[in-house]
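Taken in order, these protein sequences are the chains called A and D.
Taking the UniProt record's numbering, the leading residue of the first sequence gets 1, the next gets one more, and so forth.
Taking the UniProt record's numbering, the leading residue of the second sequence gets 1, the next gets one more, and so forth.
From the three backbone atoms N, C-alpha and C, an ideal C-beta is built for every residue, glycine too.
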Amino acid sequence: MGSPVQGAGGPAAGQSSAGTDAAAAPTRRGTELLLLGFAAFVVSAALMLVEANQEQQLTLRIFWYGLAFLGLFGVAHVAVRRFAPYADPLILPCVALLNGLGLVMIYRIDLAMTEKALRAGREINNDVPKQILWTTVALALFLAVLIVVKDHRTLTKYSYTFGLVGLVLLALPAFLPSVIAPTINGAKIWLKAGPFSLQPGEFAKILLLVFFAAFLVSKRDLFMAAGRRVLGVDLPRARDLGPVVFAWAVSLGVLVFQKDLGTSLLFFGTILVMLYVATERAVWVVLGLTLFVGGAIVAYNLFTHVQQRVANWFDPLATYADAGGGYQIAQALFGLGTGGVGGTGLGAGRPELVPLANTDFIAAAIGEELGFIGLAALLLVYTVLALRGMRSALAVRDTFGKLLGGGLSFLLIMQVFVVVGGVTKLIPMTGITAPFLSYGGSSLLANYVLIALLLRISDAARRPQTGARPRPVPQAPIAEAHTVMVERPT
Amino acid sequence: MNTPLRRVGLAMLGMIILLLANATYIQIIKADDYREDPRNQRVLLEEYSRERGKILARGANNQAQMLATVLPTNDRLRYLRQYTAGPTFAPVTGFYSVRYGAGGLERAEDEILNGSDDRLFVRRLSDLITGRDPRGGNIELTINPAAQTAAYDAMAKAGFAGSVVALNPKTGEILAMVSTPSYDPNTLSAHDGAAQEKAWKDYNADKRKPMLNRAISETYAPGSTFKLVIAAAALEDGKSKEDQVTSTDRLQVGGSELRNYNRGFCNGTPNGVTMEVALSLSCNTAFAQLAGDLGPGKVSEQAAAFGIGESDLAVPMRVEQSCIGPSTACMSVGDKAALMQTGIGQRDVRLSPLQNAQIVATIANGGERMRPQLVKSVLAPDLSEISRLDTDSLGRAMSRDAAGQLRDMMVASEAKTGGDGKRDGLTIASKTGTAETGNDPKNTPPFAWYVAFAPADDPKIAIAVVVESQDVAATGGKLSAAIGRATIAAALGGG
């Protein structure tokens, strides 16, 4: 288990030494383009299978779709080439592959739903054109972030603004009347205006993350100050507990006022990890987990919907027929079980039997049609994506970049863990989207911003040092640093 | 800061590994539980939307005749199961209903027909790659459509309830398997749920039990046809067809009297007759006495050699066990009185029509019993052959010489049997039977049997006909013989 990370660390170390001989450093943009072509090929092949299985015919259209897809990401590639030439070459192709497979899956579920609606004599709106539109908008936003944020360190200047805006965005739906902030699927996290709906919380996550990274970097010394020693463990000082308590309070607020377990869990987990990375003290994690468990127990006792979720998690088959019961998870499990190792084949399964198949439960649809092999491959693509982000965080020279890169990478994996774990009954279902796969504009936009920031950090990490800029002094090992900063409470 | 970052990286890997382990558990270890959960509609929908294999039989000139096919439809189930001449072949094909599942061969060979059988695996794989919808395999039956149709038409036209089973004595192939009254499996495979439900309820409410496959799922007292088993036991015991047996007009059996059908002496003489004459005239006293003399051991042994008492026979549909004793002790006969009544096929003797056909087929085949089988070959969706019927000998029930003698006795019996359908130039070996049924046998219509094989010197078909007659005075000769002969004629004429 240790070797991949060491492997990720190894080349990073190699790169910093390669960085010394300036212009010789390869940009690896060719690799990126090649991999993008490969992603386009995989996505076209997937689309072809869907067409073959669903429509029983193949048309030349698929070829054009494939080209259009490649064109779209070709633009992104050119932008990366122009604005972040040293960015990691694997990140964008991974995203393209996930996004493309998501589109294929949404299209595939559209076909099934249309057929269902036709039989019932109804008409429904397909989701895939909207998602294609969202993808285009998201890529535009991706470009904008790459262009505007020339250096990720400039973000620290606006950190408090980001924090405030993030908080407001997060809280907004809870306090707005339900005319514009309706409750959908039990959660009050949407803003709706006409045909458009947004989940401001998705953006708030990233803004708050940037804020926390900047905040922790500036106040890092404080958190590393040791508090009272209890049973051989250095406890933090009471007044330094602020950020943890704040994060805990915010996530609890999200849970209580918006009934959004997923975002709550995601937010709290990410902040905890960033706190740990910043201070290098596991006690924060222990403390945070204690708070989390406490909060979870309180929430379980207070809210019936939390109890229901837990009951559905323990045995979805037992609560199958209950209102708000395990029907959905049971259907997902049936789909996953039917898919088995190899899956039913793209377009040959019945993923539409699972409610919300194209959003929260898209992992179940993939597990059904592509089987365990497909699901595992998908998880590994996410892993590659997040580990490349983590590797950039390791290689980048400034602490803010490290913290932000680490936080963003962890946020990505945490999302995957929460949604896939929920769908496969590893943890209680909390209802968030799978990054880049699920239908939904907000999540897509936010995650593209996340990727743009990661690319920016990786570009900084791999960019060869120019002579003008003095090489930063290597980070002093944290273990030494905190011996210097010891301060006893009075 | 790199050390904690690396640890977080490890934690991320740990999370993914947890997800993978859990997915392995769900999709590999628990997969079958979830797949087979009755609330999981996927398998059912998948199965019904797959192009189910055909059931076919080859008639004259090796012409394939489709018994069950599918018709593409526009609805959710995509294919409608259709049966040509549904009621005629219903006991053979069974039915396939979305709501009520499958029955008969449709159920017994479901894995082949729906394409999930392992023998179709390679083809499924290629279907997966080529993107073509997987299709089910086809089943070719041993049925002779002409014989089946002739038998069904003869039974149905006369309005009889009963069954006709025809076998190829040399191979055990089932040439005809008729049960009347029958049902139309097309009504059960209809995609209209209400029509399906109505048909199902009507068939099940019908007192004449149209969905009962009398050929293999019902047993009847064999009456005088069981004398063949006693005769076989006697021949095996060293007797010959020329040996004398009693011709008395009455036998004291337990507390009652056992008499001949005509209430007189056998062949009009009190001085004994040959076994051949006794069989050809179906004299009850002679065979009751013979059975009594042979003893329970030999009778039971001979019955078992013919396959009676076999409880695990499948053709591939399961065949109801035939017995000579009560259901609690299938192969044991009680006291001497019971043994004597058994000798004339009464008391507790119950044979399925298929069992009785097996007995004559064994005699026709020189004493060697062949496993009855309905499936001639399993064909892949592209009609290439996957497996073919393997004739299977179930052992020798009697010596070739004894079988020859018994055949001669049956030829003599046919000569004494009336009824329509006799044909010049065709020697049939047969035996009739009129089995008393119910608690008041004199006033309850009997089961009329006719078992036969033809041509006698080179048997190509062995047949058992049973009619649950409505007429108290009915005998096997009058009713069943004509149906049996018509079936034989159809089978031989076509073959």
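Drop a sphere of 10 angstroms on the beta-carbon of I17/D, count the other beta-carbons inside from all chains shown, and report buried for 16 or more, exposed for fewer.
As a working note, residue 17/D is residue 17 in the second sequence. Burial call: exposed.
Say whether chain D places a C-beta atom closer than 9 Å to the C-beta of A376/A.
Residue numbering aside, residue 376/A sits at position 376 when the first sequence is read from its first letter. Chain D contact via Cβ: present.
Roughly how many whole angstroms lie between the Cα atoms of M340/D and R263/D?
For the purposes of this step, residue 340/D is identified with residue 340 of the second sequence, where counting begins at 1. For the purposes of this step, residue 263/D is identified with residue 263 of the second sequence, where counting begins at 1. Cα to Cα, the separation comes out at about 17 Å.
I want to verify the contact list: residues of chain A whose CB lies under 7 Å from the CB of M15/D, in sequence order.
Here residue 15/D is taken as the residue at index 15 of the second sequence, counted from 1. Per Cβ cutoff of 7 Å: I413, F417.
Could you tell me which chain D residues have their CB closer than 7 Å to the CB of L379/A, listed as they occur along the chain?
Residue mapping note: residue 379/A aligns to position 379 of the first sequence, counting from 1. Under the 7 Å cutoff, chain D gives I16, L19, L20.
Helix, strand or coil for Y25/D, going by three-state DSSP, please let me know.
Looking up residue 25/D in the second sequence gives position 25. Annotated three-state conformation of Y25/D is helix, per DSSP.
Whole beta strand (DSSP E) runs in the stretch 40–104 of chain D with 3 or more residues, listed along the chain?
Contiguous beta strand (DSSP E) elements confined to the stretch 40–104 of chain D occur at 55–58, 64–72, 79–83, 95–97, 101–103, taking only those with 3 or more residues.
Based on the DSSP output, what are the partners of Q252/D in its beta bridges?
The residue given as residue 252/D occupies position 252 in the second sequence. Looking at the DSSP assignment, Q252/D forms a beta bridge with E257/D.
What residues from the stretch 297–330 of chain A come within 8 Å of chain D, judged by C-beta to C-beta, listed N to C?
L317, Y320, A330
Residues of the stretch 163–192 of chain D in Cβ contact with chain A at a cutoff of 8 Å, in chain order, please.
The residues in question: there are none.
Answer yes if the stretch 298–314 of chain D comes into contact with the stretch 343–359 of chain D, meaning at least three C-beta pairs across the two stretches below 8 Å, and no otherwise.
yes
Over what stretch of residues does the beta strand (DSSP E) that includes V145/A continue unbroken?
For the purposes of this step, residue 145/A is taken as the residue at position 145 of the first sequence. In the DSSP assignment, V145/A falls outside any beta strand (DSSP E) and lies within the alpha helix (DSSP H) extending over 128–148.
The beta strand (DSSP E) with R369/D in it runs from where to where?
Translated into the one-based positions of the second sequence, residue 369/D becomes position 369. Where R369/D is concerned, the enclosing beta strand (DSSP E) stretches over 368–370.
Along chain A, which residues have their Cβ under 7 Å away from the Cβ of I344/D?
The residue you call residue 344/D lines up with position 344 of the second sequence. Result: empty, since nearest Cβ-Cβ is about 59 Å, beyond 7 Å.
Would the beta-carbon of A330/A fall within 9 Å of that of P351/A?
Numbered from 1 along the first sequence, position 330 holds the residue referred to as residue 330/A. Numbered from 1 along the first sequence, position 351 holds the residue referred to as residue 351/A. No; because the gap between Cβ atoms is not below 9 Å, this pair is not in contact.
Selected residue, minimal CA-CA separation from F73/A, among M48/A, R388/A, A140/A:
Counted from its first residue, the first sequence places residue 73/A at position 73. The residue from M48/A, R388/A, A140/A with its alpha-carbon nearest to that of F73/A is A140/A.
The stretch 39–66 of chain D: which residues have C-beta closer than 7 Å to a C-beta of chain A, in chain order?
R39, N40, Q41, R42, V43, L45
Could you round the C-beta distance between V164/D and I428/D to whole angstroms and report it? I think they count as a contact, below 8 Å.
Here residue 164/D refers to the residue found at position 164 when the second sequence is read from its first residue. Here residue 428/D refers to the residue found at position 428 when the second sequence is read from its first residue. Not really, about 15 Å apart at Cβ, beyond 8 Å.
Helix or strand or just coil, what does DSSP make of M410/D?
Residue 410/D sits at position 410 when you count from the first residue of the second sequence. In this structure, M410/D counts as helix in the three-state DSSP scheme.
Buried or exposed for R400/D, going by 16 or more other Cβ atoms inside 10 Å?
In the second sequence, residue 400/D corresponds to position 400, counting from 1. So R400/D ends up on the exposed side.
With a 10 Å radius around its C-beta and 16 neighbouring C-beta atoms as the bar for buried, classify F175/A as buried or exposed.
What you label residue 175/A is simply residue 175 of the first sequence in a count that begins at 1. Exposed.
Below 9 Å between beta carbons: does that hold for Q346/D and A221/D?
On the second sequence, position 346 is the one that residue 346/D refers to. On the second sequence, position 221 is the one that residue 221/D refers to. Yes, the Cβ-Cβ distance between Q346/D and A221/D is below 9 Å.
List the endpoints of the continuous beta strand (DSSP E) containing I463/D.
Translated into the one-based positions of the second sequence, residue 463/D becomes position 463. Per DSSP, I463/D belongs to the beta strand (DSSP E) from 461–468.
Spatial distance of V8/D from L266/A (CA atoms):
Here the question's residue 8/D lines up with position 8 in the second sequence. Here the question's residue 266/A lines up with position 266 in the first sequence. So the two alpha carbons sit approximately 15 Å from each other.
With a threshold of 9 Å between beta-carbons, can R135/D be considered close to chain A, or not?
By 1-based counting over the second sequence, the position of residue 135/D is 135. Not an interface residue.
When the Cα of G288/A is compared with those of M274/A, P89/A, F372/A, A299/A, which residue comes out closest?
In the first sequence, residue 288/A corresponds to position 288, counting from 1. In this structure, M274/A is the residue among M274/A, P89/A, F372/A, A299/A with its C-alpha nearest to the C-alpha of G288/A.
So which residues on chain D does V341/A lean against when the C-beta distance must stay under 7 Å?
Here residue 341/A refers to the residue found at position 341 of the first sequence. Within 7 Å Cβ-Cβ: Q27, I28.
Which residue comes first and which comes last in the alpha helix (DSSP H) that contains M275/D?
Residue mapping note: residue 275/D aligns to position 275 of the second sequence, counting from 1. That run of the alpha helix (DSSP H) goes 275–280.
Taking 9 Å as the CB-CB cut-off, is L5/D touching chain E?
No chain E is part of this structure, whose protein chains are labelled A and D.
Is it the case that the Cβ atoms of L113/D and I139/D are separated by a distance below 9 Å?
Counting from 1 along the second sequence, the entry for residue 113/D is found at position 113. Counting from 1 along the second sequence, the entry for residue 139/D is found at position 139. Yes, Cβ-Cβ distance for L113/D and I139/D is below 9 Å.
In this structure, does DSSP put N125/A in helix, strand or coil?
Here residue 125/A refers to the residue found at position 125 when the first sequence is read from its first residue. DSSP places N125/A in coil when its eight states are reduced to three.
Sort F160/D, P38/D, P91/D, N213/D by Cα distance to S469/D and report the nearest one.
As a working mapping, residue 469/D is identified with position 469 in the second sequence. The candidate whose alpha carbon is nearest that of S469/D is F160/D.
Beta-carbon neighbours of Y107/A, restricted to chain D and to distances below 7 Å:
Mapped onto the first sequence, residue 107/A falls at position 107. What Y107/A touches in chain D: nothing, since even the nearest Cβ is about 17 Å away.
Contact check, W449/D vs A435/D, beta carbons under 9 Å
The residue you call residue 449/D lines up with position 449 of the second sequence. The residue you call residue 435/D lines up with position 435 of the second sequence. The answer is yes: Cβ separation under 9 Å.
Who are the near neighbours of C330/D in its chain, counting only those whose CB is closer than 7 Å to its CB and skipping five residues on each side?
Here residue 330/D refers to the residue found at position 330 of the second sequence. So the list reads G309, Q321, C323, once near-sequence residues are dropped.
With a 10 Å radius around its C-beta and 16 neighbouring C-beta atoms as the bar for buried, classify M15/D as buried or exposed.
Walking along the second sequence from the start, residue 15/D turns up at place 15. Buried is the call here.
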